[in-house]
Structure formats: structure tokens, C-alpha cells
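Colleague: Here you go, one structure.
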Amino acid sequence: MTDRNELADLCAATGTTFILALFVDLRGKPCAKLVPVEAVDELASDGVGFAGYAVGAIGQEPKDPDLIAIPDVASFTPIPFIKEGLAVVHCDPHVEGKPWPFAPRNILKSLVAQAADAGFEPWVGAEVEYFLLKRAADGSLITADDADDSNQPCYDVRGLTRMYDHLTAVSTAMNQLGWSNYANDHEDGNGQFEQNFKYAEALTTADRVITLRYLLSTMAAERGMVATFMPKPFAERTGSGLHFHLSLTSGGAPVFPGAAGEDERGLGLSPTAYGFVGGILEHSCALQAVMAPTVNSYKRTGATATRSGASWAPRRPTYGGNDRTHFVRVPDEQRVELRGGDGSANPYLAIAAALGAGLDGVKRSLDPGALGGCPEHIESLPLTLLHAVEALEADPVISGVLNAAVPETGPGDAGLVSDYFSRLKREEFFAWHSTVSPWEIENYLTAF
């Protein structure tokens, strides 16, 4: 239960008159109710109810009891630059007084608790890539900036200048929220951008990814544009990733840096860090079902040519130093970058799965092998969503992550969420078109 006085005090201090009580389903679809400040006491003490089946992919049927969203006051975020007096608070869905195990935020909280039990605090940074599009006269979606048509537009200062109003508005918003936006750039695809913010605790970063997607979509719409996080909206262009920078501390002290002279591989990492990397590589195929969870995802990872000459999407689970072709890049001794995720990933699930894989590697002291290599039993990352789902079903560690918030009430409930997730993804695989189409792009715009 949220402290009603604390939430009310925050509203009063920030001039908040309405609150979006928000959570996401398993696909990452943001769902909310708009709550007036006059009802803040009821929101804080009782939460706000939803018909769970209507939400989407969250494990409910029409006959099930209400899903009650309980606000996490620590996530309270005023967003007056969207609407004067508006704020967002991220919520933990409950059913009949208990945390709902299908809720992604509850799953990630369970993994953070597991990390704490192992003596670690997980920290995560996220790189959110997206395209800015607009409607053509025929209703189709095209690049918002007509002049953005070069073969290698990445970092183009003219492209940044033409999108100055949008990019600076988003940057200002992030800095007002205390996220420490430190760079905004034109990415590798025409119409593609990335706006970076400082790393934070795992749950905070996941909340911020969801909030940022909402802000980007809303602020783009105000300028007549459409923001999409679709992995591969255009066959000839680079796709959009969702890369995570991961690290662990123990009692606040970093555990990834190795002692001087300790690392013969030359990356400056500790045995704990190498175990973490080893776990990610070991579970890489199953991880892709969570980090690249759509049919369209595999059009990105399967791309062999783009206008710019590179796809930036790894096809094999390798690791190495400051080299962006690897599945796991090690830019320095403080962190590792996981580059397998894409813009369709649910950040709560993706971060939870990455933590689960890494912690398993630490627990088992897994050796990632030689630099540039990958596990001997893995030839490549999954070629399709179906292959990834099959790998997930065969991997008890990553499927166990999805079930992390399921109460231990009996053996029949052990695979409750992972089985549901697998069925969901199998249905999507067989239902979706085999090529990028206007229908598919429209579907993504409503899904994320």
C-alpha cells in the first residue's frame, strides 16, 4: 500500500492535478487510468481497478477478478510539458490483494530481489532508438524529414538541426525529470534517432524506458510526426535496437572491475564479470525470445545489407571489447553492453531475463571462453521468433525468470507465465505477415 500522505504531498508540491496510473502488459503496451488529484487518497490506499482481459496480454480471462494497479510512489514523475498539471506514477498490478505474476514490473522486482539475495545491486543503462515518421498524402508512413535521404545519415549535423525543436524539447524534458540526458544523435537509418540518459537502478531504468516511449510518441505527435520503436520498419534501413548497459555492485562497491593484473584477456574485468558474461552467452538463444519478441525482430537480426552498409544487429552470441559487432560488448571495465535487444522489447522483461542469465553465470562461474568466441553448442542466434521460443521453452533459467513472481503454491503453477508467454509468441509467429507491410507498421504503432 502506498502512503496516501506521501503521494498527496508530491501532488501538492508539483502542482499536479491529474495522475496517469500506468503499467504495461507482457507486450509492453502502456495502460493507464487518469486519476484526478481529488481522488489521490483512494489511489494511494486502494489503487485503481482494470478489467484485466481488456488490458491485453496479462494472463487474464473475461471472468477473472479486477486487476488493481497499486502506485509505487518512488516512480512519481511530473510531466507538465505534456499537459499542465499531469504526472505519471508506475504501478504494480495486484489481484485479490496479491502481486499479479503476469505483470512485467512484478517480474523484474522479483529478479532484483534475487540479485539482492545473492549480494548484488543491479544497475542498468538503456539506449532507446526510434524512427520519426509522418503520414504521406496516401496515408502511408514515410520519413518525417524529407531531406533525410542520404545513404549514411548517422550523426549528420544537418539532420540534427532540422529536428532541433523535437530533440531539444525531449532533452529538456528528460533533464527536468533529473534523468541527465547527455547526448542526442541521428542514428544509422534515415529518420532514426537516439536520446540518451544516465544509468540507474534496474527498476528505475525500466520505468524510464516506458515513460520515455510515451513522451517521445506524444511529443512527436504534437509536431505532426509519428514515433515508432519497431525493430525493422524499412527493409533497406538499419533497425532499432534497445541496448542495455549492465553492471553489479555489492554494498555499493562495483564488482565488475578486476584487480590490477588479474585479467589475462585484457578487458580489466573480474571473475564475477566474466561469469556474468558467460551466463548471458550461455542463455543467449532463450534471451532473444524476450529481448527480440516479435516476428519483425528477426528481419532486423537477419538483415544482410542496409543502405549504410551495416545492420548493427549481432547474429552470433560472441563477446569482446569495444566492438559493436558483438552480442556482448565490453566498452570498459565498469559495465557490459548487451546488444541483442530491439525496440519491441518490454524493458522489464528484457532486463529481468538478462539479470537472470548473468546471475546464473556468476553462480556457476561460467567461463565465456576466448574473446570473439561463443559457446561451442551455439552456432548462431535464433533465425526466427519460433526458433527463439523453442530455445526459451528448453531453457529452465530464462523460462524461470518469467515465472519469478509466481507464488510457490504447487507444481501445477510452476510454468504459469512462461507457458502463457510461449503460447502468445507462437500465435504471433503464425499470424503475422512474412514481410513488412503497412498493416504491420500500423500494428506496431498501437502495440508499443
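Numbered according to this note's numbering, the sequence shown spans residues 912 to 1359.
Where a beta carbon is used, it is the ideal one built from N, C-alpha and C, also for glycine.
1) Are the CB atoms of Arg-1250 and Phe-1167 within a distance shorter than 8 Å?
2) Which class does Lys-1143 belong to by DSSP, given the choice of helix, strand or coil?
3) In terms of alpha-carbon separation, which member of Glu-1098, Arg-1124, Asn-1101, Asp-1049 lies closest to Val-1081?
4) Going by DSSP in three states, Ile-1018 sits in which element: helix, strand or coil?
5) In whole angstroms, what is the alpha-carbon distance linking Arg-1046 and Ile-1053?
6) Under the DSSP definition of a beta bridge, which residues are partnered with Cys-942?
7) Consult DSSP for Ser-1363 and reduce its assignment to one of helix, strand or coil.
8) Does the beta-carbon distance from Ser-986 to Val-1000 come in below 8 Å?
9) Under DSSP, the beta strand (DSSP E) around Ala-980 begins and ends at which residues?
10) Go through its chain and collect everything with a Cβ distance to Gly-1326's Cβ below 8 Å, but skip five positions before and after it.
11) Helix, strand or coil for Pro-991 per DSSP?
12) For the beta strand (DSSP E) containing Thr-1054, name the first residue and the last one.
13) Considering only residues of the same chain and omitting the five flanking positions on each side of Ser-1276, which have a CB-CB separation below 6 Å?
14) Note the first and the last residue of the continuous alpha helix (DSSP H) segment covering Tyr-1041.
15) Applying the criterion that 16 or more other CB atoms from any shown protein chain within 10 Å of the CB defines a buried residue, is Ser-1151 buried or exposed?
16) Could you have a look at Cys-922 and say whether DSSP puts it in helix, strand or coil?
17) Cutting at 7 Å between CB atoms, please list the residues of its own chain near Gly-1102, excluding the five before and the five after it.
18) Please go through the segment 1203-1267 and give each complete beta strand (DSSP E) segment of 3 or more residues, from N-terminal end onward.
19) In the DSSP assignment, find the unbroken alpha helix (DSSP H) run with Gly-960 in it and report its ends.
20) Does DSSP put Asp-1028 in a helix, a strand or coil?
21) Counting only the same chain and skipping the five closest in sequence on each side, list residues whose C-beta sits under 7 Å from that of Asn-1107.
22) Straight-line CA distance for Pro-1242 to Glu-953?
23) Taking the alpha-carbon positions, what's the Asp-1330 to Glu-1301 distance?
24) According to DSSP, simplified to helix, strand and coil, what is Asn-916?
25) Quick one: what's got a C-beta closer than 8 Å to Ile-969's C-beta in the same chain, skipping five residues either side?
26) Does DSSP put Asn-1107 in a helix, in a strand, or in coil?
Modeller: Considering the structure as presented:
1) no
2) coil
3) That would be Arg-1124, whose Cα lies nearest to the Cα of Val-1081.
4) helix
5) 6 Å
6) DSSP lists Phe-934 as partners of Cys-942.
7) Outside the shown range of the chain, which is 912 to 1359, sits residue 1363, and nothing can be said about it.
8) yes
9) 978-982
10) If we look at Gly-1326 and ignore the five residues flanking it on each side, its Cβ neighbours are Ser-1310, Asn-1314.
11) In this structure, Pro-991 counts as coil in the three-state DSSP scheme.
12) 1052-1054
13) Taken in chain order, the residues that qualify are Gly-1186.
14) Segment 1032-1046 is the beta strand (DSSP E) holding Tyr-1041; no alpha helix (DSSP H) there.
15) buried
16) Three-state DSSP puts Cys-922 in a helix.
17) In its chain, beyond the 5 residues on either side, Phe-1042, Leu-1043, Leu-1044, Thr-1054, Ala-1055, Asp-1056, Asp-1059 have a beta carbon closer than 7 Å to the beta carbon of Gly-1102.
18) 1239-1243, 1246-1249
19) If you look at Gly-960, you'll find it isn't in any alpha helix (DSSP H); it sits in the beta strand (DSSP E) that goes 959-961.
20) helix
21) Glu-1038, Asn-1092, Tyr-1093, Ala-1094
22) 47 Å
23) 11 Å
24) helix
25) Asp-936, Leu-937, Gly-963, Leu-978, Pro-1004, Trp-1011, Phe-1013, Ala-1014
26) strand
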